[in-house]
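Engineer: Just so you know, the numbering used here puts 217 at position 217 of the sequence shown, and the rest follows in order with no gaps.
Where is the CB? At the ideal position from N, CA and C, for every residue including glycine.
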Amino acid sequence: MSSRHVSSTLLSKEHQPREQPAPGLRAAASCGRSLSKKQQLCERPGPPSEEQQPRELPNPSKEQQLQEQREWKDIRRANMELRLKPSSHTHTHLTPQYNALQAHDVSVEDNRIASSSSLRLVLVGISGCGKSATGNSILCQPEFESKLGAQTVTRSCQVGTGTWNGRNILVVDTPSIFEAKAKDQEMYEDIGDCYLYSAPGPHVLLLVTQLGRFTDRDTVAVRRVKEVFGVGAMRHVVVLFTHKEDLGDMSLDEYVVNTDNHSLRSLIQECGGRYCGFNNRATGEEQRAQLEELMAVVERLKRKRKDAFYTNDLYLDAQKLKESKGGTTEEKHRWYLAKVKAHVEKQKQDLKETRSQRVYKKRMEGPLMSKYGTMTKGSVEDNRFGSSSSLRLVLVGKSGCGKSATGNSIFCQPVFESRLGAQTVTQSCKVATGTWNGKNILVVDTPSIFEEKSQDLEMYKDIGDCYLLSVPGPHVLLLVTQLGRFTAQDTVAVRRVKEVFGAGAMRHVVVLFTHKEDLGDGSLDEYVVNTDNHSLRSLIQECGRRYCGFNNRATGEEQRAQLEELMAVVESLEREHQGAFYTNDLYFDAQMLKEGRVSTTGEEYRRYLAKVKAHVEKQKRILMETQSHRVSIVLLRVRKWMRSNIGLSAFLVICILIFLALLIKLCIP
1 MSSRHVSSTL LSKEHQPREQ PAPGLRAAAS CGRSLSKKQQ LCERPGPPSE
51 EQQPRELPNP SKEQQLQEQR EWKDIRRANM ELRLKPSSHT HTHLTPQYNA
101 LQAHDVSVED NRIASSSSLR LVLVGISGCG KSATGNSILC QPEFESKLGA
151 QTVTRSCQVG TGTWNGRNIL VVDTPSIFEA KAKDQEMYED IGDCYLYSAP
201 GPHVLLLVTQ LGRFTDRDTV AVRRVKEVFG VGAMRHVVVL FTHKEDLGDM
251 SLDEYVVNTD NHSLRSLIQE CGGRYCGFNN RATGEEQRAQ LEELMAVVER
301 LKRKRKDAFY TNDLYLDAQK LKESKGGTTE EKHRWYLAKV KAHVEKQKQD
351 LKETRSQRVY KKRMEGPLMS KYGTMTKGSV EDNRFGSSSS LRLVLVGKSG
401 CGKSATGNSI FCQPVFESRL GAQTVTQSCK VATGTWNGKN ILVVDTPSIF
451 EEKSQDLEMY KDIGDCYLLS VPGPHVLLLV TQLGRFTAQD TVAVRRVKEV
501 FGAGAMRHVV VLFTHKEDLG DGSLDEYVVN TDNHSLRSLI QECGRRYCGF
551 NNRATGEEQR AQLEELMAVV ESLEREHQGA FYTNDLYFDA QMLKEGRVST
601 TGEEYRRYLA KVKAHVEKQK RILMETQSHR VSIVLLRVRK WMRSNIGLSA
651 FLVICILIFL ALLIKLCIP
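1. Here's the rule: buried if 16 or more other CB atoms are within 10 angstroms of the residue's CB, otherwise exposed. What is Gly-596?
2. Report the partner residues of Leu-123 according to the DSSP bridge assignment.
3. For the beta strand (DSSP E) holding Val-444, just list the boundary residues, first then last.
4. Run the CB neighbour count on Ala-180, radius 10 Å, all protein chains shown included, and call it buried at 16 or more, exposed below.
5. Alpha carbon to alpha carbon, how far is Val-509 from Ser-137?
6. Across which residues does DSSP place Val-239 in a beta bridge pair?
7. Contact defined as beta carbons within less than 8 Å: I believe Val-443 pairs with Leu-395. What is the distance between those atoms, to the nearest angstrom?
8. So Asp-173 is in the beta strand (DSSP E); what residue range does that whole segment cover?
9. In terms of residues, what are the limits of the alpha helix (DSSP H) holding Ala-432?
10. Is it right to say Cys-429 is buried, meaning 16 or more other beta carbons lie within 10 angstroms of its own, or is it exposed?
11. Verify whether the separation of the beta carbon atoms of Asn-279 and Gly-130 is less than 8 Å.
12. Measure the alpha-carbon distance for Asn-533 versus Val-511 and round it to whole angstroms.
13. Please go through the stretch 272-319 and give each complete beta strand (DSSP E) segment of 3 or more residues, from N-terminal end onward.
14. On the three-state DSSP scale, how would you describe Ser-572?
15. As a quick exercise: from Glu-417, Phe-651, Ala-289, Leu-593, pick the residue whose alpha carbon is nearest that of Lys-244.
16. Taking a contact to mean a Cβ-Cβ separation below 8 Å, would you say Arg-233 touches Val-225 in this structure?
17. Which of the three DSSP states, helix, strand or coil, is assigned to Glu-390?
18. Considering only residues of the same chain and omitting the five flanking positions on each side of Gly-192, which have a CB-CB separation below 7 Å?
19. If I measure Cβ to Cβ from Val-297 and keep anything under 6 Å in the same chain, skipping five residues before and after, which residues do I get?
20. Rounding to the nearest angstrom, what Cα-Cα distance links Thr-583 and Asp-253 in this structure?
21. Flag this pair as yes or no: are the beta carbons of Ala-650 and Asn-552 separated by less than 8 Å?
22. Tell me whether His-343 is buried or exposed, calling it buried when 16 or more other Cβ atoms sit within 10 Å of its Cβ.
23. Taking Gln-269 as part of the beta strand (DSSP E), name the residues at either end of that continuous run.
24. Considering only residues of the same chain and omitting the five flanking positions on each side of Val-569, which have a CB-CB separation below 7 Å?
25. If you run the structure through DSSP and keep just helix, strand and coil, what is Ser-404?
26. I'd like to know whether the C-beta atoms of Ser-263 and Thr-219 end up nearer to each other than 8 Å.
27. I need the straight-line Cα distance from Ala-554 to Pro-414, nearest angstrom please.
28. Check whether the Cβ atoms of Asp-249 and Leu-211 sit closer than 8 Å, and answer yes or no.
29. Mind checking Val-653: buried by the 16 CB within 10 Å criterion, or exposed?
30. Between Ala-133 and the rest of its own chain, which residues show a CB-CB distance below 6 Å, the 5 nearest in sequence each way excluded?
31. Since Gln-185 is in the beta strand (DSSP E), which residue starts that stretch and which ends it?
32. CB-CB under 8 Å to Leu-663, same chain, minus the five flanking residues each way: which ones, in chain order?
33. Determine the closest residue to Leu-536 out of Val-494, Leu-566, Gly-402, with distance taken between C-alpha atoms.
34. Based on Cα-Cα distance, which residue from Leu-524, Gln-482, Arg-392 lies nearest to Pro-399?
35. Report the three-state DSSP secondary structure of Val-471 (helix, strand or coil).
36. Sort Ser-470, Thr-491, Gly-438, Ser-118 by Cα distance to Phe-450 and report the nearest one.
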């Protein structure tokens, strides 16, 4: 079948009037099913609709499959000609729609919605997860072909449009470009179409997955999203669960919080906790309610991004292609597909390099470090205080070391109660906020949760509060200790920091010495270098030699100077971790509770405290295993030495036996 024949045959079809959609979402002139129903370029006769009983279709022969592929290529070529050379058929439908959406630039200033009334959504995910049905639920009408079957229904990118609360909505449905399949020419053409339809860039990528079925294929799809759009696109991803009706009496928030699927938890965290659920069989009020819920998530994301959509260099190329006038269609097609392929290969290479760096870092940190917690970074914009201009500090250490006074010195004003006394003043976690050089600072003061006392319920409540006040995780843990008084209590406090936060948190610890004025003419560096306190030397080494000193009685210029010194150490730590804060699974649970995603009833809070206790007990076990591992290594080394020095070993054993015999003889009269 020739391209000309396909185009003339399909374009001659009359545009059929459609039934009015449900209230709240009015259908606009659609270019769904490739371009528009009037053009029908990507629509093919298919099996019966969802209302009819599905029937088993015979397996096509090899010749039929080849013929079908040739027809699809003809249709795709016809689509390309229509996109690049708008005819009278496409002008009234396609061109005005895109003209309203493409007057944007890559720069942050121009990367805004011109009238804040347009919204572009791209549906991504594995084949068969319900993308087309989700698109129909968003538009409240059957805009995309959707049916249950062994084969994917969506064979090429399709577009549907509508309105919601007076705002134009454009939804792009995608074929199987997020699978781990062969990277053939067809796939690059599909990716190119997706970019052309959603240019100059999507506001939201809806990553669709079936509730309770997040498998390895979905994990691959997440990686493919990064390869197709770039890692930065994850800042615009919202996870959408289909089959919401399967939850029963459970809420979606409870499902997400309690899931033991680590890949899913990691994805939700990477997406900034943005998710919602759809029942694609819903109608009427239920359908409108779930659409309102999705749009609320989208609106929060838009406000966070200041209405900026996601774009990249390939979107610029797609925009150029749509606006170009000279040259033949075939030349443009080849040029554009080369750009698409180069873009995808570059993103794959970037991801590979990133993974290699992570593997190298993990090897350098040791085989047990992965158990102790993680530093979240990469695509979640909130965990970079360079982008969110906020800095979270948690004061840790034994009682009476001067944590509250240090917090007051950081803010240069008395925000925490602090006085000298036999009893600890801070009875519960406190939080205070301020600014420094235009950066928001949040400081959490802690009670006596780092002491070697009984592990009672009150202590777990204090730990839980500390997590809630410092979510999604601290950039710095300030371990406060008095100069010249690093005792066994401080050593216990260091161990308790690892039990409360995880040993990985030590990568974010800065040691802060109080009573700096006691140094006299000496410097803090000289004190640290020359100290004979082995526990302190070991701590400084473990913290990467990050330390500073405070005189909490200082005022004026001296107070500002020591704050500058602390912030210099903090910024050095930030550069070392590329702006990442420290977080772990318990911080994820705390964030869900704090944001109201989990009800704040007594039962839910008790469940949260149970997770706090389980987290602390787990970290204690890990620390014990680590210590046992170190002892085993020492014993193995001794054994190896004895085997290689048999004569000397035998002599030492004889000496030890003689010593024990003499000792027994002296002890027994």
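Structural biologist: On the basis of the data shown:
1. exposed
2. Leu-206
3. 439-445
4. exposed
5. Val-509 and Ser-137: Cα-Cα distance of roughly 48 Å.
6. The partner list for Val-239 (beta bridge, DSSP) reads Leu-207, Tyr-275.
7. 7 Å
8. 167-173
9. Careful: Ala-432 lies outside any alpha helix (DSSP H), inside the beta strand (DSSP E) at 430-436.
10. buried
11. no
12. Between Asn-533 and Val-511, the C-alpha separation is close to 15 Å.
13. With a minimum length of 3 residues, the continuous beta strand (DSSP E) runs that stay inside the stretch 272-319 are 275-277.
14. helix
15. Ala-289
16. Note that residue 233 is Ala in the sequence shown here, rather than Arg. In contact: Ala-233 and Val-225 (Cβ atoms closer than 8 Å).
17. Going by the sequence as given, residue 390 is Ser instead of Glu. Strand.
18. Tyr-336, Leu-337, Val-340
19. Val-238, Arg-274, Cys-276
20. Rounded to whole angstroms, Thr-583 to Asp-253 spans 20 Å at the Cα level.
21. Here Ala-650 is not near Asn-552, since their CB atoms are 8 Å or more apart.
22. buried
23. Not the beta strand (DSSP E): Gln-269 falls in the alpha helix (DSSP H), residues 262-270.
24. Val-510, Arg-546, Cys-548
25. helix
26. yes
27. Straight through space, the alpha carbons of Pro-414 and Ala-554 are spaced by roughly 13 Å.
28. no
29. exposed
30. Ser-146, Asn-280
31. Per DSSP, Gln-185 belongs to no beta strand (DSSP E); it is in the alpha helix (DSSP H), 185-198.
32. none
33. Val-494
34. Reading off the sequence, residue 399 comes out as Ser, not Pro. For the residues Leu-524, Gln-482, Arg-392, the minimum Cα distance to Ser-399 belongs to Gln-482.
35. coil
36. Thr-491
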